[in-house]
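Okay, so the first sequence: first residue is 8 according to this note's numbering, each after it adds one.
This report refers to the structure that appears directly beneath it.
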Amino acid sequence: MRYPFAEIEPKWRKIWEDKKLYKTDLSKIDNKLYTLVMFIYPSGAKLHCGHWYNYAPTDTWARYKKLKGFNVFEPMGYDAFGLPAENYAIKTGIHPYDSTMKNIADIRSQLKNMGCMYDWDAELMTCVPEYYKWNQWLFIQLYKRGLAYRKNAPVNWCTSCNTVLANEQVLSDGNCERCGSQVIQKNLTQWFFKITDYAEELLQGLETINWPEKTKLMQRNWIGKSVGAEINFKVENSDETISVFTTRPDTLFGVTYVVLAPEHSLVDKLVTAENKKAVADYRDQTRKLTEIERTSTIKEKTGVPIGAFAINPMNGERIPIWIADYALLTYGTGCVMAVPAHDERDFEFATKFALPIRRVILQDGIKESDELKEAFTETGTMVNSNQFDGLRSDEGKQKIIAYLEETDFGKRKINFRLRDWLISRQRYWGTPIPVIHCDHCGEVLVEEKDLPVELPYDVDFKSQGVSPLARNENFINVKCPKCGADAKREADTMDTFVDSSWYYFRYLNPHFSEDIFDKSKTDNWVPVDMYVGGAEHATMHLLYARFIHKFLRDLGYNNSDEPFKNLVHQGTITNQGAKMSKSKGNVVNPDDFTVEYGADVFRLYLMFMGPYELGGDWSEKGIAGTERFVQRVYDLFTSHENIAKEISIKEKYDLQYLSDTEKIIYRKINQTIAKYDGELNHFRFNTAIASLMELINELKALPNCGKEIQVYTLERLAILLAAMAPHLAEECWQIIGKEKTIFENPIWFDADKDALTEDVANIAVQISGKLRATIQIPMNSDEAAVKAAVYTHERVTKWIEGKTIVKEIFVKNKIFNVVVK
RNA sequence: GCCGGAGUGGCGGAAUUGGUAGACGCGCUGGACUCAAAAUCCAGUAUGGCUCAAACCAUGUGCCGGUUCGAGUCCGGCCUUCGGUACCA
């Protein structure tokens, strides 16, 4: 009989639901385990194979832990605010709220068909006031502590989304992370969260969490800590000073010019009359470039002198001040001390504009008179540096900093690449920022008692270039809470990454109305023990969440330093080499497969494809293999109906009382348990399934075993299957006569350690490292016994005939190698 | 350019600390069952040589070299590819 998945799967899902098996008792905190996948964006494309690939294996891991006795909490929810819903509204006129709710309903039913053990009572969505009210509350707390602020700055503007983007949300090709359109620079007044205040802690915290090294490295690079000094250069005939950041104070004697970012405010103050025109032209030219053109390393260096001169604090030397677009306003002080001899960029620039190049660090093994063909950027011996001559440059670095601090010309400084998180968006479908702008009082926070600032439903989406909220009179006009005068609400909404930076707290009490979450609960359950999601969030969501987590800790709202103790990234499933997306038209619909093969077969197939972290290109070629496997399992159980009712079995059997066949089966099931356990624990689903397939191949001999061993084996097999293919396993468990469902009464059988090893070992016999024979010998035989067997083997005698034995290498139970000459 | 991962049969992929390369699955070939087909079951399946066949021999984990009794695994130098990053002073 063909495995009747279409009847079985809904049947078990109903039983699980009726018995409320997956509702987690949050009051039981011994053995608590919080397993989380990144919540879903409810797009119109619904669930695709990539989602399944994220959720189904993670659910297998969660079930495995549940079987092993953990009190597992596995929730699911919807990251429901965001641009696509709004863009869809502009195109079709369907309101984002309506389309999002429709999508959520569809996706929820798809999710339920996967058979994951989500606690549906914990379900949440971010687009309802009940949730986003607390984004606003969070904003207010940040604001009150100076961590939310507004400033005018050059920002990334997506020409298609008509909104600003955070740095993290601009791809390295200069395009929008969401839509791929061109991003340009605009000067705008925007809201920021001061994530930089936590830069050092965000860096240090990485040491304490079990995340993929790759991801931690990406965060380290993104945070970009540099240790060096800030040095002040006096400007000739001026009261102004130019402050630069450098990691190489040891090269200070080699500075031959200073570069300011073209937009730097000092430029206007310092430019001389005869250079005004050239400077203005150059600034115009710079403004026209996109960020990516401007920062391209391939682009030839450009710049103009501004006519003013700075004074080197070390030697009083007079050096020209230039502006050049390779100095970035947004990094460090926006000013660079140029040392052409020891910096590649400065070298290139100086060469092009015939500026002097002075060597102050001598490379080991090179004479001072040798020509300098390229910048030398490593450590060496200091030269041309007065009292510092002869020092190693790393030592000199410290000495120079000390000297600068004494003479007040500079100080030790740590600089970060990380910028503050730009959170305002000029769009409708997001959390309104709880601020009121009053002509008299300026920025005024909405009071906590007046939260939430509700997002109005009736808005006009057709207003190109202007946020729909900005044009909504009912929303925008308000009285100032301080003075009562007419005032305007902030029209920007928050980046949706604000929503996702604390949602893992909210799952534990999604409808709690007293506060952002119930600390008495979250303290017991947060941090998340296992977090699974895409690696593309490395420097966005995963960084923001860590920041907000630390902020909430500092507010006294939680007692841990990090939100996600363990992190796993599933690999990306591509189709014909491209990431699945509706716009590319290469989305594979999982429903097609669940209709044809059932959810369990599909789950198994996704897990069997390859290493979880690797992903791969979609192909349905091998699905027949997992289907056959499931069919064979089902047949095996149906041919042993009710057997567990008739026979009672022991927990452990002594191998010596078993028949030869029973011995083989008994060993195999226990070896499989041991192997499977280890593989599953580390998300190695493919090899775990392979071990089950090996087992099922071996179980062809099961009919030749006594009934006790049959029951012993089938019980264990059903439990092993339960994590991977829960519907199938429940059915099999019932077929052999079990009354309670597996997940009602989770159990795990540990492997019988006495049954893991074989009686005999296959030993590879090598002659000079080449395999020439294998011998079978009792397990753990000593060298003498193996040697005796080796030298009586005809293949060995043949190969060593006429040769001298130089050496013998013996590795117990593995190898005997005879080295001959 | 820099940083990181990955290169193993026709395909997806296995291989504790260096210790019998190719587990498991797909596909393919042959056979059984069938009037026939599908499904299922059984056997075979890295390449080359020599064989009716088996046995046997040689080669083989991106390329070149090294360490070792022994290298997919370690070291040095490349190539390809996929991510990340992009003048960060």
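Built from N, CA and C at the ideal position, the CB exists for glycine as well.
Here the structure is a predicted model, which is why all the values come from computation and not from measurement.
Assigned with DSSP and collapsed to three states, residue 773 falls in strand.
Per DSSP, residue 314 is one residue of the beta strand (DSSP E) stretching across 311 to 318.
If one requires a minimum length of 3 residues, the beta strand (DSSP E) runs lying completely within the stretch 222 to 268 are 232 to 242, 248 to 253, 264 to 267, in chain order. Residue 442 is classed as buried because its beta carbon has at least 16 other beta carbons within 10 Å across all chains shown. By the criterion of a C-beta distance shorter than 8 Å, residue 751 is surrounded in its chain by 26, 28, once the five residues flanking it on both sides are discounted.
In this chain, the beta strand (DSSP E) harbouring residue 537 covers 535 to 539. For residue 230, same chain residues with a beta-carbon under 7 Å away, outside a window of 5 residues either side, are 206, 209, 210, 423, 424, 425 in chain order. Its Cα nearest to that of residue 146, the residue 200 stands out among 200, 120, 758.
In the DSSP assignment, residue 362 falls outside any alpha helix (DSSP H), carrying neither H nor E. With contacts defined as CB atoms closer than 8 Å, residue 390 and residue 255 fail to qualify as a contacting pair. Per DSSP, the unbroken beta strand (DSSP E) holding residue 582 starts and ends at 580 to 582.
In terms of CA proximity to residue 72, 686 leads the group 447, 686, 264. Spanning the alpha carbons of residue 631 and residue 698 requires a straight line of approximately 18 Å. Taking 8 Å as the cut-off, the beta carbon of residue 715 is found no closer than this to the beta carbon of residue 672. By the Cβ criterion, the stretch 368 to 375 is not in contact with the stretch 275 to 282, since fewer than three pairs of Cβ atoms, one from each stretch, lie closer than 8 Å. Sorting 60, 79, 563, 10 by C-alpha distance to the C-alpha of residue 39 places 79 at the top. Setting aside the 5 residues that flank it on each side, residue 328 is surrounded in the same chain by 265, 313, 315, 317, each with a C-beta closer than 6 Å to its C-beta; the list follows chain order. Counting only the Cα atoms, residue 184 lies some 23 Å from residue 139. If you look at residue 198, you'll find it in the beta strand (DSSP E) that goes 190 to 200.
Closest option to residue 152, judged by alpha-carbon separation, among 204, 165, 197: 204.
The DSSP-derived three-state label of residue 795 is helix.
Comparing C-alpha distances from residue 341 to each of 280, 239, 601 shows the shortest one belongs to 239. C-alpha of residue 493 to C-alpha of residue 252: approximately 46 Å in a straight line. Looking from the CA of residue 447, the closest CA among 462, 464, 489 belongs to 489.
Restricting attention to beta strand (DSSP E) runs no shorter than 3 residues, the stretch 118 to 194 encloses them at 155 to 165, 170 to 172, ordered along the chain. Buried is the label assigned to residue 86, since at least 16 other Cβ atoms lie within 10 Å of its Cβ. Between the alpha carbons of residue 747 and residue 496 lies a gap of roughly 58 Å. In the displayed model, residue 786 falls within coil according to three-state DSSP, outside both helix and strand.
Residue 41: member of the beta strand (DSSP E) spanning 39 to 44, first to last residue.
Around the CB of residue 9, fewer than 16 other CB atoms lie within 10 Å, so the residue is classed as exposed.
Between residue 408 and residue 419, the C-beta spacing is below 8 Å. The Cβ neighbour count for residue 813, taken over all protein chains shown within 10 Å, is under 16; the residue is labelled exposed. Residue 108 carries a helical assignment under DSSP once its states are collapsed to helix, strand and coil. Here residue 738 has 15 as same chain residues with Cβ atoms under 6 Å from its own Cβ, once five neighbours each way along the sequence are excluded.
The Cβ-Cβ distance between residue 191 and residue 164 falls below 8 Å.
By the Cβ-count criterion, residue 321 is buried, with 16 or more other Cβ atoms from all chains shown falling within 10 Å of its own Cβ.
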